[in-house]
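*Asks:*
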Amino acid sequence: MSELSFDIAFTIAMILMLLGAFFSLSAVIGLVRFPDFLTKIHAVSVSDSLGVPLILLGLMVLSGFNLITLKLFILIILIFITGPMVVMELGNYYVTKQTDGADDDADE
Amino acid sequence: MNYIVVVILLMIGLFIVITSRNLIKKIIGLGIFQAAILLFYISLGKVYKAVPPIILANDPVDKLYSSPLPQVLMLTAIVVGIATLAVAMSFIIKINENFDSIDEEEIISKIKEDEFTS
Amino acid sequence: MMLMNDLFTSFSINISEICLENFFLLLLVFVSCAIAVSRSLLKIVILSSMFSMIMAALYLLMAAPDVAMTEAAIGACISTAFIIKSMQATNSNEFKQKLVSLPNIISFFIIIIFGEVMIYAFIDLPEYGQTFSPVNSYLSQYYIQNTPVEIGISSSVAAILGSYRGFDTLGETLVIMVAGIVVYFLMLQEKKELDVSIYKQGEIIYQSKIWMTDYIRVILLPISLIFAFYIQVHGEISPGGGFQAGAIIASVYIFFYVANNDHDHDLSNIIKLLFKFSLVGFLIYISMAIFTALMGGYFLQYYAITGSILGHKIGIFIIEIGVGITIFSVMLMIFLLLTHYARNFQMVREVK
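Chains as they are written, first to last, in the working numbering: chain A, 8 to 115; chain B, 1415 to 1532; chain C, 31 to 382.
(1) Taking DSSP as the reference, what is the three-state secondary structure of residue 1517(B)?
(2) So, are the CB atoms of residue 106(C) and residue 86(C) less than 8 Å apart?
(3) Check whether the Cβ atoms of residue 210(C) and residue 308(C) lie closer than 8 Å to each other.
(4) Residue 216(C): which of 1501(B), 1478(B) and 1479(B) sits nearest, CA to CA?
(5) By how many angstroms is the C-alpha of residue 34(A) removed from the C-alpha of residue 47(A)?
(6) Pull up the distance between the alpha-carbon of residue 1590(B) and that of residue 114(C), whole angstroms please.
(7) For a cutoff of 8 Å on Cβ pairs, would you count residue 1468(B) as touching chain C?
(8) Scan the region 42-67 of chain C for residues whose Cβ lies nearer than 7 Å to a Cβ of chain B and list them as they occur along the chain.
(9) Report buried or exposed for residue 1415(B), applying the criterion of at least 16 other Cβ atoms within 10 angstroms of its Cβ.
(10) Exposed or buried, residue 306(C), counting other C-beta atoms within 10 Å across all chains shown (16 or more means buried)?
(11) Per DSSP, residue 1468(B) forms a beta bridge with which residues?
(12) Which first and last residues belong to the alpha helix (DSSP H) in which residue 315(C) is found?
(13) DSSP three-state call for residue 1480(B): helix, strand or coil?
(14) Tell me which residue opens and which closes the alpha helix (DSSP H) that residue 264(C) is part of.
(15) Looking only at DSSP bridge pairs, what is residue 1436(B) linked to?
(16) Using a Cβ cut-off of 7 Å, which residues of the region 170-192 of chain C contact any Cβ in chain A, in chain order?
(17) Pop quiz: residue 183(C) and residue 343(C) are said to be a contact at Cβ under 8 Å. What is the actual Cβ separation, rounded to whole angstroms?
(18) Determine the chain B residues that contact residue 148(C) at a beta-carbon separation under 7 Å, and present them in chain order.
(19) If the cut-off is 7 Å on Cβ atoms, which residues from the region 1503-1528 of chain B count as contacting chain C, listed in chain order?
(20) Does the structure place the region 1504-1522 of chain B close enough to the region 128-141 of chain C that three or more beta carbon pairs sit under 8 Å?
(21) Can you pull the chain C neighbours of residue 1474(B), defined as C-beta to C-beta under 8 Å?
(22) Cβ of residue 1507(B) within 8 Å of Cβ of residue 117(C)?
(23) Is there contact here, the region 60-77 of chain A with the region 18-32 of chain A, by at least three beta-carbon pairs under 8 Å?
(24) How many angstroms separate the CA atom of residue 112(C) from the CA atom of residue 1453(B)?
(25) Can you name the start and end residues of the alpha helix (DSSP H) that residue 198(C) belongs to?
(26) So which residues on chain C does residue 89(A) lean against when the C-beta distance must stay under 8 Å?
(27) Would you check if there are 3 or more beta carbon pairs closer than 8 Å linking the region 255-271 of chain C to the region 350-366 of chain C?
(28) What does DSSP give as the partner residue(s) for residue 101(C) in the beta ladder?
(29) Hey, is the region 1416-1436 of chain B in contact with the region 138-151 of chain C, meaning 3+ C-beta pairs nearer than 8 Å?
(30) What does residue 70(C) pair with, by DSSP beta-bridge criteria?
(31) Can you name the start and end residues of the alpha helix (DSSP H) that residue 1460(B) belongs to?
(32) Relative to the alpha-carbon of residue 86(A), which residue among 73(A), 75(A), 56(A) and 68(A) has its alpha-carbon at the smallest distance?
(33) Give every residue of the same chain whose Cβ lies closer than 6 Å to the Cβ of residue 181(C), excluding the five residues on either side of it in the sequence, and list them in chain order.
(34) By alpha-carbon positions, which one of 1486(B), 1481(B), 1458(B) and 1526(B) ends up nearest to residue 1466(B)?
(35) If distances are taken between C-alpha atoms only, which option among 205(C), 364(C), 152(C) and 74(C) comes closest to residue 284(C)?
(36) Grab me the residues of residue 369(C)'s own chain with a C-beta within less than 8 Å of its C-beta, minus the 5 sequence neighbours each way, in chain order.
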């Protein structure tokens, strides 16, 4: 019976981590292939909101009820808070910059 | 494999220090050199199937720990490295204030042209 | 951190561990090649921050969590902040560089010869990961076996740092304090009048009305500070200690100042306060050492504090606090000095 529960937890964790890896990959592909600065950072924000938290969720499922689970949960909250904020600040800076030559370091 | 990568990183770091014209890039190359040395020391102390050297009361007698001595030395090295980086950055800013550029060849040509008395 | 020990126990020599480590090492080589070739300082800074993060992951794979935490906090956060502020203070991003020129090719060949000599010397090293290599045999075994007996704390890294090699840590704290003093006296100056016809002072080109960053800063600050204090205090029984905690507190405050939208704040007062703080941190260390000498032992012999092993715990705890205060104040002071300079003295050349 314990082996069966171990298998279910393992499978769920693997599915979550594979989903997280897929979203991170899509974020990187979007970063490379989108034409403009604003669309690029929009693609990157997917990695911060879905990619990394899904992988960490998979690790939480894999480690059971531990202190480690609580620490991973705090990590997910921190990444949720700071990731999209950075993307928003980048976009806001790009839109409201008032010097000429605003396309200097726009791409890459 | 670790040691080969250490040698390659040493070479790349030295290459950046020798052949770059920008002063800030030189300092970053020095940082790469230093990071390679840290990697070398810590990979000397690694033992397969070993845990970090934190010794708890209820451990079996023959538990394998990785060596703590290189870790302590490298802890010191990291912090000293960033102190050196900070002082180097302040020197670069002062050089920029005097010569108006941080390009190595421009600075040398400016020194050769005028007579700098400050 | 008993649970981390359990996690590491289940590691065996399996293929995935070796593959992961080799993958990270190859990634390191690629990133440093990209740094060598690139021509834009912004790219180089971001690549060097990525380099430090990969190094931190590698140190964790080699079972060195103290070094990994220090490298992640200092290499990835603080050195990147320093270099970006220096870039702002010198107003430089792109630079010309010819990669293939005669001096470069000569130095390339000299470096290849240097690399060959080093590989020839590295062949004699013991195999990677051996249990009985000379590094792991003599002094490391002594430290591992005698730390619970002579000093009584769990983390042998903190025991070596604080007690067995306490003089090294004293010198290192002194080095950091001296670096802070040097940058302080170089960078702190009063505003001077410039020749206004050609140059103008760096002006504020971006004033944002976003309030969300203020909310997020206020939420994140206490959580990160509590975690940093936890790391500081638990330095004796888990990976941690003064260095990591000081670096984390400094990076929290750096984040606070980077996400700041109020550019008229004068930083000189805070800089002078932090200067005094760094001296206080070093003084705590030295006072501990002199106190042990006054209690009848040698200089830095913690045994003399209470005449038993408990003295070691007390001694290491107090000097870690001193080290943490010094590192926090020096790192933050250097960052604020660079910011102060970049705000007030950066010359913006008028484009004709």
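Ideal Cβ placement from N, Cα and C applies to all residues, glycine included.
*Replies:* By the coordinates alone:
(1) Correct three-state label for residue 1517(B): strand.
(2) In contact: residue 106(C) and residue 86(C) (Cβ atoms closer than 8 Å).
(3) Yes, the pair counts as a contact, with Cβ atoms nearer than the cut-off.
(4) Taking each of 1501(B), 1478(B) and 1479(B) in turn and checking the Cα distance to residue 216(C), the smallest one comes out for 1501(B).
(5) Using only the alpha carbons, I get a separation of about 9 Å.
(6) Since the first residue shown for chain B is 1415 and the last is 1532, residue 1590(B) is missing from the structure and cannot be characterised.
(7) So yes, residue 1468(B) belongs to the interface.
(8) For the region 42-67 of chain C, the set of positions with a beta-carbon nearer than 7 Å to some beta-carbon of chain B reads 42, 43, 52, 55, 58, 59, 62, 63, 65 and 66 in chain order.
(9) In this structure residue 1415(B) is exposed. Its beta-carbon is surrounded by fewer than 16 other beta-carbon atoms within 10 angstroms.
(10) Exposed: under 16 other Cβ atoms inside 10 Å.
(11) Per DSSP, the beta-bridge partners of residue 1468(B) are 185(C).
(12) Note, residue 315(C): alpha helix (DSSP H), 298-324.
(13) It is coil, neither helix nor strand.
(14) Unbroken run through residue 264(C): none, as it is neither H nor E.
(15) Paired residues: 1517(B).
(16) Cβ contacts with chain A come from no residue of the region 170-192 of chain C.
(17) Rounded, the Cβ-Cβ distance is 6 Å, consistent with contact.
(18) In chain order: 1421 and 1424.
(19) Shown in chain order are the members of the region 1503-1528 of chain B whose Cβ falls below 7 Å from a Cβ of chain C: 1503, 1504, 1506, 1507, 1508, 1510, 1516 and 1517.
(20) Here the region 128-141 of chain C does not lie against the region 1504-1522 of chain B, with fewer than 3 beta-carbon pairs under 8 Å apart.
(21) Chain C residues near residue 1474(B): none, gap ~10 Å exceeds 8 Å.
(22) Contact check for residue 1507(B) against residue 117(C) fails: the beta carbons are separated by 8 Å or more.
(23) Yes: the two stretches touch, three or more of their Cβ pairs being nearer than 8 Å.
(24) Whole-angstrom Cα-Cα distance: 23 Å.
(25) Per DSSP, the unbroken alpha helix (DSSP H) holding residue 198(C) starts and ends at 196-217.
(26) Listed along the chain, the chain C residues whose CB falls inside 8 Å of the CB of residue 89(A) are 246 and 250.
(27) Output reads yes: the region 350-366 of chain C touches the region 255-271 of chain C.
(28) Answer is none; residue 101(C) lacks a bridge partner.
(29) These segments touch.
(30) BP columns for residue 70(C) point to 124(C).
(31) Segment: none, residue 1460(B) is in no alpha helix (DSSP H) and carries neither H nor E.
(32) Looking only at 73(A), 75(A), 56(A) and 68(A), the smallest Cα-Cα distance to residue 86(A) is reached by 56(A).
(33) Contacts found: 189, 193 and 342.
(34) For residue 1466(B), the nearest C-alpha among the options comes from 1481(B).
(35) By alpha-carbon distance to residue 284(C), the top candidate from 205(C), 364(C), 152(C) and 74(C) is 364(C).
(36) Only 115, 287 and 297 meet the Cβ criterion.
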